[in-house]
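Quick note, the sequences are listed as chains E and V, same order. Those letters in the first sequence? Residues 0 to 341, per numbering that gives the first Met the number 0, in order. Those letters in the second sequence? Residues 0 to 284, per numbering that gives the first Met the number 0, in order. No residue lacks a Cβ here, since even glycine has one placed at the ideal position from N, Cα and C. To start, the structure under review is shown below, and the notes come after it.
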Amino acid sequence: MRRVRLAIPAAVGACALLAAAPALGGTDTRRLQVWFLRDGEPVAVSRVAPAVPSLLRSLLAGPTRAERTKGLRSAIPVGTTVRELTISRRVVTVDVGARFAAGRDEASLTARVGQLVRTLRAVPGVVGVRVRIEGGVPIGLFPGYDLRRIVRAPLASQAAPTLRETQQLLVDLGFMARSGVTGRPGDETSVAVLAFEKWTGMPRDGVLDAAVVKAIARATRPEPVRREPGKRVELLLDRQVALAIVDDRVERVFHVSSGSGGRTPAGSFRVYRKERMSWSVPFSVWMPWASYFTGGIAFHEYSYVPSYPASHGCVRMMARDAPLMYAFATSGTPVDVIQGRA
Amino acid sequence: MRKRRLRRIRNRRAALAIAVCALASAPVAANAADPSTPAGAARTSPASLVIALGLRDPAMGAGVMRGGEVVLARGFEVELAKLLARRLGGRVGRFVELRPAVRLLAGPPGGGGWQLAVAGIERSRPPRAAAGLSAPYLTTDAAVVLRRHLPRPRRLADLRGRVLCAIRGSSAARAIATVVRPRTAPVLATRVDRVRELLRTGACDAALVPAIEAGRFVRGHGRELGPVAGRVESGDGFVVAVAGGIGPDVAAVDRALARLRSDGTLGRLARSWLGIDPARLRTLR
Chain E
0 MRRVRLAIPA AVGACALLAA APALGGTDTR RLQVWFLRDG EPVAVSRVAP AVPSLLRSLL
60 AGPTRAERTK GLRSAIPVGT TVRELTISRR VVTVDVGARF AAGRDEASLT ARVGQLVRTL
120 RAVPGVVGVR VRIEGGVPIG LFPGYDLRRI VRAPLASQAA PTLRETQQLL VDLGFMARSG
180 VTGRPGDETS VAVLAFEKWT GMPRDGVLDA AVVKAIARAT RPEPVRREPG KRVELLLDRQ
240 VALAIVDDRV ERVFHVSSGS GGRTPAGSFR VYRKERMSWS VPFSVWMPWA SYFTGGIAFH
300 EYSYVPSYPA SHGCVRMMAR DAPLMYAFAT SGTPVDVIQG RA
Chain V
0 MRKRRLRRIR NRRAALAIAV CALASAPVAA NAADPSTPAG AARTSPASLV IALGLRDPAM
60 GAGVMRGGEV VLARGFEVEL AKLLARRLGG RVGRFVELRP AVRLLAGPPG GGGWQLAVAG
120 IERSRPPRAA AGLSAPYLTT DAAVVLRRHL PRPRRLADLR GRVLCAIRGS SAARAIATVV
180 RPRTAPVLAT RVDRVRELLR TGACDAALVP AIEAGRFVRG HGRELGPVAG RVESGDGFVV
240 AVAGGIGPDV AAVDRALARL RSDGTLGRLA RSWLGIDPAR LRTLR
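Encoded structure:
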């Protein structure tokens with residue numbers, strides 16, 4: 000019974016090796032992956048290749064004309080040759096010509112090693128890649144890779160940041176408080192995404208889809224419309240965001256909903272009254288965290304803050320954001336209500 | 000009579016043999032007299048220098064290690080080494096690698112097998128094998144890279160009220176703590192990408208990065224980042240190490256470096272490989 004138990008994993012292992020053998024050096028034609036780049040990010044395409052040498056030839060040949068029209072590129076310089084290819088103990092040692100290291104663009108140099116490693120590691124059975132150039136060990140030529148050693152995995156792609164990383168970027172950009180970095184989706188992230196979408200002019204749905212993630216990864220900090228020293232607030236009616244600014248630095252961007260039909264007037268005002276709980280007489284509603292800046296118009300908390308102007312003139316804010324604005328916009332703080340960004 | 004002639008011929012032959020032996024053994028004796036002379040240096044002619052490189056990155060110095068020597072070498076320090084060798088009246092015989100771990104272990108001067116080392120050696124932390132250190136060819140100062148739309152600082156005091164960022168544990172982080180001394184705690188990251196991200200997003204106002212890396216730090220990110228606004232002095236610099244006894248004269252290396260600096264060659268090399276000439280950045284005091 001014990002012998003049988005030992006025999007099963009052994010048989011499975013042997014099958015795996017047999018399956019790997021044709022790919023490593025055999026002659027069976029099979030589909031294997033070759034890695035290229037699209038917008039600098041690794042992309043796999045399939046090739047019919049009987050073994051590693053032909054797969055490598057496919058990689059060095061670069062993307063086909065059709066693939067190029069789809070935006071695929073290779074960082075490996077045209078004319079790169081393979082001097083020697085050996086496979087030992089599931090490690091592929093590939094010795095390429097000097098042309099492989101041509102150029103000074105560090106991103107390209109790193110990307111080409113990534114392409115080579117990804118392509119060879121995708122071959123069933125291969126556990127590592129040893130890269131040699133003109134028979135020697137490249138040192139310092141490919142940033143991020145220590146080619147004195149066997150490379151077992153390519154450098155992680157920056158294509159898909161984690162949710163936590165994206166939340167951290169939203170904090171860095173000023174769209175969210177630090178408490179929002181949880182690594183889990185939630186209301187705070189959605190509101191921050193909505194504010195980001197409003198700021199950048201993207202569709203206002205609060206959904207953290209691939210396009211938004213990409214935009215966040217490239218975004219720069221929002222800039223105020225006007226340049227003035229000190230603490231102040233800018234309310235941008237077209238974007239439906241409020242900016243808390245200190246010395247020309249936007250500290251926070253808040254998702255707000257102002258008066259519909261132009262009921263929030265543009266102009267330069269100052270906070271003149273603050274009420275922790277304010278009662279709206281005409282509309283018979285409580286307005287917590289109210290900071291009045293002109294007439295009966297104030298920043299205040301409200302239960303419903305849509306992505307468009309919806310109020311009777313006041314500036315509605317989310318429950319989490321309203322106390323922050325209340326604390327920031329002390330009495331006398333300038334409030335510039337701006338129709339459209341210059 | 001015949002005997003005398005034969006004796007004279009024999010004496011002449013003996014004298015000739017002694018002279019030939021003396022000539023043949025002269026280099027061996029010279030080497031034997033200086034036990035520190037490395038085997039590698041003995042293989043090269045006096046005009047052919049063995050130069051050690053640091054091999055850190057493609058901009059400063061990198062190459063392919065083959066059979067104990069560095070081939071396909073390239074980078075700022077590689078070009079500088081070639082120019083130096085030429086100005087010293089010779090040429091590069093071969094490049095070898097000066098590995099950081101070996102630096103401290105190298106025994107007597109010249110024990111590393113090199114005559115000159117252009118390997119990112121800081122004046123304050125030279126390898127044991129070096130007998131002489133040249134004047135600095137590059138500064139180890141920290142460059143100040145601003146976020147977008149931030150006004151250029153004129154003095155160090157202008158940075159004190161800003162949020163600064165750097166790589167944790169780096170010389171730039173030390174410069175923040177010891178030279179700039181900002182009022183708010185700096186943001187320290189573990190990766191250079193993260194420092195760039197902090198600057199791009201405005202989470203920090205200015206990043207301090209090694210001046211030799213500032214060009215590459217901003218390259219390709221011009222729209223996201225502000226300018227390189229100046230440098231914060233470290234008081235240290237990268238120097239050429241000269242192996243005692245077998246290397247060229249340190250004064251000659253200094254003269255060659257001074258000429259390379261004065262005729263603009265050093266600046267051009269820096270701009271070409273590093274994307275920026277750190278020496279031309281304004282010093283913030």
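Exercise for the section: Give the residues of chain V in contact with P137(E), contact being defined as C-beta atoms less than 7 Å apart. Expected result: Here residue 137(E) refers to the residue found at position 138 of the first sequence. From the beta-carbon of P137(E), the residues of chain V found nearer than 7 Å are V63.
query: Just curious, the beta strand (DSSP E) that A206(V) is in, first and last residue?
result: As a position in the second sequence, residue 206(V) is number 207, starting the count at 1. For A206(V), the uninterrupted beta strand (DSSP E) segment begins and ends at A205 to P209.
On the premise that T92(E) lies in contact with L154(E), defined as a C-beta separation below 8 Å, what is that separation, rounded to the nearest angstrom?
Within the first sequence, the letter at position 155 stands for residue 154(E). Within the first sequence, the letter at position 93 stands for residue 92(E). About 20 Å separates the CB atoms of L154(E) and T92(E); that is not less than 8 Å, and the two are not in contact.
### Task
Going by DSSP, name the residue or residues bridged to Y291(E).
Taking the first residue of the first sequence as 1, we reach residue 291(E) at position 292. According to DSSP, which records beta bridges pairwise, Y291(E) is partnered with R272(E) and A297(E).
Secondary structure of P247(V), DSSP reduced to three states:
Counting from 1 along the second sequence, the entry for residue 247(V) is found at position 248. It is coil, neither helix nor strand.
Problem set entry | Inter-residue Cα distance where the pair is G219(V) and T165(E) | As a first step, residue 219(V) is located in the second sequence; it is residue number 220 there, counting from the start. As a first step, residue 165(E) is located in the first sequence; it is residue number 166 there, counting from the start. The straight-line gap from Cα to Cα measures roughly 22 Å.
| Going by C-alpha distance, which of L31(E), V77(E) and W288(E) is nearest V95(E)? | Within the first sequence, numbered from 1, the residue matching residue 95(E) stands at position 96. The alpha carbon of V95(E) has as its nearest neighbour, out of L31(E), V77(E) and W288(E), the alpha carbon of V77(E).
Query raised in the report: Where does M324(E) fall in DSSP's three states?
Result: By 1-based counting over the first sequence, the position of residue 324(E) is 325. Under the three-state reduction of DSSP, M324(E) is assigned to helix.
_Short of 7 Å in beta carbon distance, which residues of its chain neighbour Q338(E), apart from the five on each side in sequence? Order them along the chain._
The residue labelled residue 338(E) in the question sits at position 339 within the first sequence. Residues of the same chain with a CB within less than 7 Å of the CB of Q338(E), apart from the 5 flanking positions on each side, are L236, D237 and A265 in chain order.
Self-check item: C-beta contact flag for S169(V) and V239(V) at 8 Å
Solution: The residue labelled residue 169(V) in the question sits at position 170 within the second sequence. The residue labelled residue 239(V) in the question sits at position 240 within the second sequence. Result no, Cβ atoms of S169(V) and V239(V) do not sit closer than 8 Å.
Check your understanding: Can you find at least 3 beta carbon pairs, one from the segment 63 to 80 of chain V and one from the segment 257 to 271 of chain V, that sit closer than 8 Å?
Key -> Contact between the segment 63 to 80 of chain V and the segment 257 to 271 of chain V is present, because at least three Cβ pairs lie under 8 Å.
S279(E) versus Y301(E), T80(E), D246(E) and E83(E), residue with shortest Cα-Cα distance = Translated into positions along the first sequence, residue 279(E) becomes position 280. The option with the nearest alpha carbon to S279(E) is Y301(E).
- request: With 8 Å as the threshold, decide whether the Cβ of I157(V) is near any Cβ in chain E.
  value: Mapped onto the second sequence, residue 157(V) falls at position 158. Position check: residue 157(V) holds Asp in this sequence, whereas Ile was assumed. Chain E contact via Cβ: absent.
### Message
So, with DSSP's three-state summary, where would you put D204(E)?
### Response
Here the question's residue 204(E) lines up with position 205 in the first sequence. Here D204(E) sits in coil by DSSP.
- Query: Distance, Cα to Cα, R85(V) vs A61(V)?
  - Reply: For the purposes of this step, residue 85(V) is taken as residue 86 along the second sequence, with counting starting at 1. For the purposes of this step, residue 61(V) is taken as residue 62 along the second sequence, with counting starting at 1. Rounded to whole angstroms, R85(V) to A61(V) spans 20 Å at the Cα level.
inquiry  = For G236(V) and T139(V), which I take to be in contact (beta-carbon distance under 8 Å), what is that distance rounded to the nearest angstrom?
reply    = Working through the second sequence from its first residue, we reach residue 236(V) at position 237. Working through the second sequence from its first residue, we reach residue 139(V) at position 140. The Cβ separation is near 6 Å, so the contact holds.
Of all the CB atoms in chain V, is at least one closer than 8 Å to the CB of T188(E)? Within the first sequence, residue 188(E) is the residue found at index 189, counting from 1. Not closer than 8 Å to any Cβ of chain V, the Cβ of T188(E) fails to qualify, so no.
inquiry  = Using a Cβ-Cβ cutoff of 8 Å, what residues of the segment 156 to 186 of chain E are near chain V? List them in chain order.
reply    = For the segment 156 to 186 of chain E, the set of residues with a beta-carbon nearer than 8 Å to any beta-carbon of chain V comprises Q157, L168, V170, D171, L172 and G173, in chain order.
Contact set between I132(E) and chain V, taken where Cβ atoms lie within less than 8 Å = Taking the first residue of the first sequence as 1, we reach residue 132(E) at position 133. Against chain V, a Cβ distance below 8 Å from I132(E) picks out V63 and L71.
**Asked** Can you name, in chain order, every residue of its own chain whose Cβ lies under 8 Å from the Cβ of A38(V), other than the five neighbours on each side?
**Response** Counted from its first residue, the second sequence places residue 38(V) at position 39. Confidence in A38(V) is poor, its pLDDT being 39 and thus under 50, which makes the residue's placement too unreliable to answer from.
**Request:** Just confirm the distance between the C-beta atoms of L198(V) and R151(V), as a whole number of angstroms; I'd bet it's less than 8 Å.
**Result:** Here the question's residue 198(V) lines up with position 199 in the second sequence. Here the question's residue 151(V) lines up with position 152 in the second sequence. Not really, about 15 Å apart at Cβ, beyond 8 Å.
### Query
Based on Cα-Cα distance, which residue from S47(V), A171(V) and R127(V) lies nearest to R90(V)?
On the second sequence, position 91 is the one that residue 90(V) refers to. Comparing alpha carbon positions, the residue from S47(V), A171(V) and R127(V) closest to R90(V) is S47(V).
Query - Inter-residue spacing [alpha-carbon to alpha-carbon] between V81(E) and L115(E) - result: One-based indexing of the first sequence puts residue 81(E) at position 82. One-based indexing of the first sequence puts residue 115(E) at position 116. The alpha-carbon atoms of V81(E) and L115(E) are separated by roughly 12 Å.
So, is M64(V) buried or exposed, given that buried needs 16 or more other C-beta atoms within 10 angstroms? Counted from its first residue, the second sequence places residue 64(V) at position 65. Result: buried.
*CB of K197(E) within 8 Å of CB of S306(E), strictly*: The sequence position of residue 197(E) within the first sequence is 198, counting from 1. The sequence position of residue 306(E) within the first sequence is 307, counting from 1. In this structure, K197(E) places its C-beta atom within 8 Å of the C-beta atom of S306(E).
DSSP three-state assignment for W113(V), whether helix, strand or coil: Position 114 of the second sequence, counted from the start, is the residue given in the question as residue 113(V). Judged by DSSP in its simplified three-state form, W113(V) adopts coil rather than helix or strand.
| said: I need the boundaries of the beta strand (DSSP E) containing R29(E), first residue and last residue. | reply: Translated into positions along the first sequence, residue 29(E) becomes position 30. R29 to R37 is the span of the beta strand (DSSP E), which, as asked, contains R29(E).
Quiz item: Using the beta-carbon of each residue, which ones in chain V are nearer than 7 Å to E227(E)?
Solution: Along the first sequence, one-based indexing puts residue 227(E) at 228. Under the 7 Å cutoff, chain V gives no residues; its nearest Cβ is about 14 Å from E227(E).
Practice problem: Could you pull out every residue in the same chain whose Cβ sits closer than 8 Å to the Cβ of C20(V), ignoring the five residues on either side in sequence? | Solution: Here residue 20(V) refers to the residue found at position 21 of the second sequence. Here the model assigns C20(V) a pLDDT of 41, short of 50, so the residue's position is not dependable, and the following value carries that caveat. Excluding residues within five positions, none has a Cβ falling inside 8 Å.
query = Looking at the C-beta of P226(V), does it have a partner C-beta in chain E at a distance below 8 Å?
reply = Taking the first residue of the second sequence as position 1, residue 226(V) is located at position 227. Chain E contact via Cβ: absent.
Helix, strand or coil, according to DSSP, for I132(E) in the structure here? As a position in the first sequence, residue 132(E) is number 133, starting the count at 1. Strand, per DSSP.
Closer than 8 Å, CB to CB, is E40(E) near chain V or not?
-> Position 41 of the first sequence, counting from 1, holds the residue named residue 40(E). For E40(E), the answer is no, since every Cβ of chain V falls outside 8 Å of its Cβ.
inquiry  = Nearest by alpha-carbon distance to L259(V): which of L163(V), L137(V) and A116(V) is it?
reply    = The residue given as residue 259(V) occupies position 260 in the second sequence. Distance check between L259(V) and each of L163(V), L137(V) and A116(V) places L137(V) closest, using alpha-carbon atoms only.
field: Listed by chain order, chain E residues near D56(V) by CB distance under 9 Å
entry: Taking the first residue of the second sequence as 1, we reach residue 56(V) at position 57. In chain order: E105, G139, L140 and P142.
With a 10 Å radius around its C-beta and 16 neighbouring C-beta atoms as the bar for buried, classify P202(E) as buried or exposed. Mapped onto the first sequence, residue 202(E) falls at position 203. A residue is called buried when at least 16 other Cβ atoms come within 10 angstroms of its Cβ; P202(E) does not meet this threshold and is exposed.
For H148(V), list the residues DSSP reports as bridge partners. Translated into positions along the second sequence, residue 148(V) becomes position 149. DSSP lists no bridge partner for H148(V).
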